[in-house]
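Residue numbers (our numbering): 146 to 214.
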């Protein structure tokens, strides 16, 4: 059995995520967050480390999508 923890995000952001995932394969904000975090972690593990430039690029992409302010 997998254990879970809670991550808090502002309600406004959660609402924006809900609107964004409408009509996609993501059924919830949690699904999307798990996908994004898993993608970042896998990329990090494959390369051994995430460079500052890669982190900045990911953060910029998330910001463009409205997930970061």
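For glycine and all other residues, C-beta sits at the position ideal for the given N, C-alpha and C.
query: Between the C-alpha atoms of residue 148 and residue 172, what's the straight-line distance to the nearest angstrom?
result: 20 angstroms
Note to self: Please state whether the Cβ-Cβ distance between residue 152 and residue 178 is less than 8 angstroms.
What the structure shows: yes
field: Cβ-Cβ separation, residue 162 to residue 174 (assumed contact under 8 angstroms), whole Å
entry: 5 angstroms
Leaving out the 5 sequence neighbours to the left and right, which residues in its chain are closer than 8 angstroms to residue 198 when beta-carbon positions are compared? none
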